[in-house]
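Chemist:
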Amino acid sequence: MMDKTGYKTQKQHHKLPKYHRETEIQQMLEKADQQNQRDYLILKILWSTGLRGSELTTLKKKDLEFNEKRIMVRNGKGGKDRVVPIPQEIKNLLKMWTNNHNKNDPVFNISPRTLRNIVYKYAEKCSFTSKPHKWRHSFAIHCLKNGMDLRTLQKILGHTSLSTTQIYLDVVAEDVQKEYEKVWG
37 MMDKTGYKTQ KQHHKLPKYH RETEIQQMLE KADQQNQRDY LILKILWSTG
87 LRGSELTTLK KKDLEFNEKR IMVRNGKGGK DRVVPIPQEI KNLLKMWTNN
137 HNKNDPVFNI SPRTLRNIVY KYAEKCSFTS KPHKWRHSFA IHCLKNGMDL
187 RTLQKILGHT SLSTTQIYLD VVAEDVQKEY EKVWG
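In this text, residue positions in the sequence shown follow my numbering: the first is 37, and each later residue adds one.
1. By the 10 Å Cβ neighbour count, where 16 or more other Cβ atoms means buried, how is residue 144 classified, buried or exposed?
2. Alpha carbon to alpha carbon, how far is residue 97 from residue 130?
3. Quick check: residue 33 and residue 85, are their CB atoms within less than 8 Å of each other?
4. Using a Cβ-Cβ cutoff of less than 8 Å, which residues in the same chain neighbour residue 99 once the five nearest sequence positions on both sides are dropped?
5. To the nearest angstrom, how far is it from the Cα of residue 203 to the Cα of residue 53?
6. According to the Cβ coordinates, are residue 201 and residue 189 closer than 8 Å?
7. What residues are listed by DSSP as bridge partners for residue 108?
8. Please determine, among 152, 182 and 79, the residue with the shortest C-alpha to C-alpha distance to residue 66.
9. Whole angstroms is fine: what's the gap from residue 175's alpha carbon to residue 153's?
10. Could you tell me the boundaries of the alpha helix (DSSP H) in which residue 143 lies?
11. Mapping DSSP to helix, strand and coil, what is residue 100?
12. Alpha carbon to alpha carbon, how far is residue 164 from residue 62?
13. If contacts are defined as beta-carbon pairs under 8 Å, then residue 120 and residue 177 qualify, I think. What distance do you get, rounded to the angstrom?
14. Comparing alpha-carbon positions, which option in 158, 212, 151 and 160 lies nearest residue 180?
15. In angstroms, rounded to a whole number, what distance separates the CA positions of residue 105 and residue 57?
16. Just verifying my parser: in three-state terms, what is the DSSP assignment at residue 89?
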């Protein structure tokens with residue numbers, strides 16, 4: 037099925053994605069910042085890029101384009117490459133972290149299981165449950181709530197179909213309703 041602009045869409049019903057509120061993310065980041073520099077950087081990257089766990093664990097130094105403030109995701113889901121912007125803070129932290137890495141070295145040299153354990157550990161310390169993909173959902177919802185264009189978010193997340201990205205609009209709409217009811221009942 038195609039939308040009005042000629043982009044492929046899917047007509048499926050999905051459960052709303054589970055995500056962390058920004059305050060929960062900040063609590064977990066604070067715990068990691070106090071305990072482990074690597075873990076802190078990993079969580080900051082998940083939060084500020086929306087990378088899939090598999091993309092983060094396969095990231096190499098050569099994929100970091102510091103001058104352009106971006107990460108090249110190579111061979112992402114569906115075998116596609118894409119560009120993911122990074123904020124200045126992440127650029128600076130990654131530059132320091134990879135200072136002694138060779139260009140073909142993994143940025144973190146961790147397995148998907150280790151990544152899951154890192155996410156679980158800091159969520160548990162804050163009495164939450166979490167998975168790496170929940171951070172991706174949190175990133176997407178945060179971007180939309182703060183005015184990011186849906187097509188831009190689609191490109192950053194690497195979604196082929198706009199309807200995949202549109203699922204996050206339903207979550208944002210649900211939050212709008214809750215906020216409205218706080219004021220008007």
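From the three backbone atoms N, C-alpha and C, an ideal C-beta is built for every residue, glycine too.
Modeler: Walking through what the data contain:
1. Your numbering for residue 144 matches position 108 in the sequence shown. Classification for residue 144: buried.
2. For the purposes of this step, residue 97 is taken as the residue at position 61 of the sequence shown. For the purposes of this step, residue 130 is taken as the residue at position 94 of the sequence shown. If you take the alpha carbons of residue 97 and residue 130, they lie about 9 Å apart.
3. Coverage of the chain is limited to positions 37 through 221, which leaves residue 33 absent and any answer about it impossible.
4. Here residue 99 refers to the residue found at position 63 of the sequence shown. 107, 108, 109, 110 and 143.
5. As a working note, residue 203 is residue 167 in the sequence shown. As a working note, residue 53 is residue 17 in the sequence shown. Answer to the nearest angstrom: the Cα atoms are 8 Å apart.
6. Within the sequence shown, the letter at position 165 stands for residue 201. Within the sequence shown, the letter at position 153 stands for residue 189. Against a cut-off of 8 Å, the Cβ pair of residue 189 and residue 201 comes out as a contact.
7. Sequence index remark: in the sequence shown, residue 108 carries index 72 (1-based). Per DSSP, 119.
8. Position 30 of the sequence shown holds residue 66. Residue 79 is the option with its Cα nearest to residue 66.
9. Along the sequence shown, one-based indexing puts residue 175 at 139. Along the sequence shown, one-based indexing puts residue 153 at 117. Each residue's Cα considered, the two are about 20 Å apart.
10. As a working mapping, residue 143 is identified with position 107 in the sequence shown. Per DSSP, residue 143 belongs to no alpha helix (DSSP H) and is neither H nor E.
11. To locate residue 100, count along the sequence shown from 1; it is residue 64. Three-state result, residue 100: strand.
12. Walking along the sequence shown from the start, residue 164 turns up at place 128. Walking along the sequence shown from the start, residue 62 turns up at place 26. Using only the alpha carbons, I get a separation of about 12 Å.
13. To locate residue 120, count along the sequence shown from 1; it is residue 84. To locate residue 177, count along the sequence shown from 1; it is residue 141. Between residue 177 and residue 120 the Cβ distance is about 17 Å, and since that is not below 8 Å, they are no contact.
14. Along the sequence shown, one-based indexing puts residue 180 at 144. The option with the nearest alpha carbon to residue 180 is 212.
15. Taking the sequence shown and counting its residues from 1, the one referred to as residue 105 is at position 69. Taking the sequence shown and counting its residues from 1, the one referred to as residue 57 is at position 21. Near 26 Å, if we compare the C-alpha coordinates of residue 57 and residue 105.
16. Stepping through the sequence shown from its first residue, residue 89 is reached at position 53. Helix at residue 89.
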